[in-house]
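Working notes, beginning with the structure itself.
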Amino acid sequence: MHTITFHVNGASQTVHVAATTTLLELLRDRLQLTGTKEGCGIGECGACTVLLDGAPVTSCLVLAVEVDGRSVETIEGEAKDGQLSALQQAFIDAGAVQCGFCTPGMIMSARGLLQRNPNPSDEEIVEAIAGNLCRCTGYEAVVDAIAAAARSSEAPRLLEDDDPAGGADA
Amino acid sequence: MLGDFEYVRAQTTADACRRLKEEGDRAVAYAGGTDLLVDIRNGVRAPKLLVDIKGIEALTRVRARNGTLLLGAAVMLNRVAEDASIRDRLPALSEAAVSIATYQLRNRATIGGNLCNASPASDSIPPLLIAGASLHIVGPEGERDVPLGEFCTGVKTTCLECGEIVTEIRIPTIEEGARTAFVKQQRIRGHDLAVVNLAGAYLPSDEAVRIAVGSCSPTPLLLEAIDGRSHDPAAIAEEAIRLADASASPISDVRASAEYRRAVLPVLIRRLVARLFDPQGGA
Numbered sequence: 001m002h003t004i005t006f007h008v009n010g011a012s013q014t015v016h017v018a019a020t021t022t023l024l025e026l027l028r029d030r031l032q033l034t035g036t037k038e039g040c041g042i043g044e045c046g047a048c049t050v051l052l053d054g055a056p057v058t059s060c061l062v063l064a065v066e067v068d069g070r071s072v073e074t075i076e077g078e079a080k081d082g083q084l085s086a087l088q089q090a091f092i093d094a095g096a097v098q099c100g101f102c103t104p105g106m107i108m109s110a111r112g113l114l115q116r117n118p119n120p121s122d123e124e125i126v127e128a129i130a131g132n133l134c135r136c137t138g139y140e141a142v143v144d145a146i147a148a149a150a151r152s153s154e155a156p157r158l159l160e161d162d163d164p165a166g167g168a169d170a
Numbered sequence: 171m172l173g174d175f176e177y178v179r180a181q182t183t184a185d186a187c188r189r190l191k192e193e194g195d196r197a198v199a200y201a202g203g204t205d206l207l208v209d210i211r212n213g214v215r216a217p218k219l220l221v222d223i224k225g226i227e228a229l230t231r232v233r234a235r236n237g238t239l240l241l242g243a244a245v246m247l248n249r250v251a252e253d254a255s256i257r258d259r260l261p262a263l264s265e266a267a268v269s270i271a272t273y274q275l276r277n278r279a280t281i282g283g284n285l286c287n288a289s290p291a292s293d294s295i296p297p298l299l300i301a302g303a304s305l306h307i308v309g310p311e312g313e314r315d316v317p318l319g320e321f322c323t324g325v326k327t328t329c330l331e332c333g334e335i336v337t338e339i340r341i342p343t344i345e346e347g348a349r350t351a352f353v354k355q356q357r358i359r360g361h362d363l364a365v366v367n368l369a370g371a372y373l374p375s376d377e378a379v380r381i382a383v384g385s386c387s388p389t390p391l392l393l394e395a396i397d398g399r400s401h402d403p404a405a406i407a408e409e410a411i412r413l414a415d416a417s418a419s420p421i422s423d424v425r426a427s428a429e430y431r432r433a434v435l436p437v438l439i440r441r442l443v444a445r446l447f448d449p450q451g452g453a
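Line by line, the protein sequences give chains A and B. If you read the first sequence in my numbering, its first letter stands for residue 1, the second for the next number, and so on. If you read the second sequence in my numbering, its first letter stands for residue 171, the second for the next number, and so on.
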């Protein structure tokens, strides 16, 4: 067994894990963070995507022992104080969810994208989620949701510009 | 749970080589794990010890020395795809790297792992073959350099001896004005392994064209240099097609039939050569 200490959604955790335990198993079965899903288990579907030191990875192909000293973010870290993140809200508003199984992975891939590129083009969004398979709704609503979330990060400035009462030419 | 193995993180190359030598066939070098962990899960391989080499600092560097680009074996593929020094010198390798799997897997998969996997369909091998790359190998008995063309000895086999690891990919200076490109045929537009993959270079100093062909033989093929003095893409492509057809021995598998591979090879060679002579155009 290996003793590892790492951060999950900002909180420090110390756990004992076998070498053969995957990060996905650690999150779901030990830490009860079951928002992260197992689809294929071989890195093809992206349902288990989490951020490892900010970079999207498929947690089914990461050994738990490897995250010692590192930082992991999962879908459970998106909502803060009971408030959905702008990205989560955008998925709802765009109808980018059907069965929802792929959604946590989609959102974590999108989170990774927006962290490295706050204003992605549609093409960049498509490339970022190419490793997240959806078998029910399709992808256009997902791309729309991520684009809307990116725009919403500029919302305060846009609102100010668009507000006739507060604008210079009012 | 994945199989039954122990895990150790090597701190230095010497440490990794010693562990791998001590354990022999029971141990395997572990880098990105995107192939190895899948093989373990599927019961294809059953190592008893994974020696993690990703934390060895020397294996994670990209640097230049006397014009040679030195690419650490544990550099992940997204970094290969995005690194400006690679894009400037060998854009065919950047294009190949970004075509491999998905963004998430490229955050784990490494350039050295892709080479050591020795797949006939490896996307990183053809661009490195046209660049004349060699591999720096370190083992318990010492160090050696092996030209990439001699590294893969067959389907999924390499010349690595027990205890040896690839530490660095060495890419010689590519002359000013050289143009390189990568072309890949796959079943779908999203991520997929290659049906046929090709890399090409046009070298202005001796007006030669070099082409490497993947997925059509047990190990990717580097064709003999083609005279490019005519600057006629159609004629150059026909010569490349003649050479490729003579040395290709494609097989039928889940991705394509041998007949399809042989039929699509000339089409891809024409596209590749068109891109080498008209970087803005082509397919």
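Beta carbons are placed, not taken as given, at the ideal position from N, Cα and C, and that holds for glycine. None of these values were measured; they are calculated from a predicted model.
In this structure the segment 288 to 304 of chain B touches the segment 383 to 401 of chain B; the number of beta carbon pairs closer than 8 Å is three or more. Here DSSP, grouped into helix, strand and coil, assigns proline 56/A to strand. By the CB criterion at 8 Å, aspartate 415/B and leucine 391/B fall outside the cutoff.
The three-state reading of DSSP puts threonine 103/A in helix, counting H, G and I together. Within the segment 218 to 279 of chain B, the beta strand (DSSP E) runs of at least 3 residues that lie entirely inside it are, in chain order, 219 to 222, 232 to 235, 238 to 242.
Distances from the alpha-carbon of serine 304/B to those of Glu311/B, Gly312/B, Ile295/B put Ile295/B closest. Inter-residue distance for serine 375/B and valine 250/B is about 27 Å (C-alpha atoms, whole angstroms). For cysteine 48/A, the secondary structure class from DSSP, reduced to helix, strand or coil, is coil.
For the pair of segments examined, the segment 107 to 119 of chain A was found to touch the segment 52 to 60 of chain A: the number of CB pairs separated by less than 8 Å reaches three. At a C-beta separation below 7 Å, aspartate 174/B has these neighbours in chain A: Thr20. By DSSP's assignment, histidine 7/A forms a beta bridge with Ser12/A, Ser71/A. Taking the Cβ atoms as the reference, glutamate 334/B lies roughly 36 Å from glycine 360/B, outside the contact range of under 8 Å. Excluding its 5 nearest sequence neighbours in each direction, isoleucine 341/B has C-beta neighbours in its own chain below 6 Å: Leu239, Ala301, Ala303, listed in chain order. Proximity of glutamine 274/B to chain A, defined by a Cβ-Cβ separation below 8 Å, is satisfied. For isoleucine 92/A, the closest C-alpha among the options Val142/A, Ser153/A, Ile75/A is that of Val142/A. Residues of the segment 197 to 214 of chain B with a Cβ closer than 7 Å to any Cβ of chain A, in chain order: Gly203, Thr204, Leu207, Val208, Arg211.
Less than 8 Å separates the beta-carbon of leucine 63/A from that of threonine 22/A. Restricting attention to alpha helix (DSSP H) runs no shorter than 4 residues, the segment 120 to 152 of chain A encloses them at 122 to 128, 140 to 152, ordered along the chain.
Boundaries of the alpha helix (DSSP H) harbouring threonine 183/B: 183 to 193, taken from the DSSP string. Apart from the 5 residues on each side of it in sequence, arginine 189/B sits with its Cβ closer than 8 Å to the Cβ of Val178, Ala180, Ala197, Leu219, Val221 in its chain, given in chain order. Check the Cα spacing between alanine 147/A and each of Thr74/A, Val15/A, Ala90/A, Cys136/A: the tightest is with Ala90/A. Bounds of the beta strand (DSSP E) holding glutamate 313/B are 312 to 317.
Approximately 11 Å separates the beta-carbon atoms of glycine 35/A and alanine 47/A; this is outside 8 Å, ruling out the contact. Contacts with chain A at 8 Å (Cβ-Cβ) include arginine 278/B.
Setting aside the 5 residues that flank it on each side, alanine 150/A is surrounded in the same chain by Leu114, Pro118, Asn119, Pro120, each with a C-beta closer than 7 Å to its C-beta; the list follows chain order.
Only residues of its own chain outside the window of five on either side were considered, and among them Pro388 have a CB closer than 6 Å to the CB of glycine 324/B, listed in chain order. In this model, glutamate 377/B and serine 71/A are separated by some 51 Å (Cα to Cα).
For leucine 207/B, same chain residues with a beta-carbon under 7 Å away, outside a window of 5 residues either side, are Leu172 in chain order. Rounded to whole angstroms, the separation of the alpha carbons of tyrosine 273/B and asparagine 9/A is 22 Å.
When secondary structure is reduced to three states using DSSP, asparagine 212/B falls in the coil class, being assigned neither helix nor strand. Nearest to histidine 7/A by alpha-carbon distance, out of Leu31/A, Met1/A, Ala18/A, Ala19/A, is Leu31/A.
One alpha carbon belongs to alanine 369/B, the other to threonine 49/A, and they sit about 32 Å apart.
Against chain A, a Cβ distance below 8 Å from glycine 347/B picks out nothing, because the smallest value is about 30 Å.
Taking 8 Å as the cut-off, the beta carbon of leucine 61/A is found closer than this to the beta carbon of glycine 203/B.
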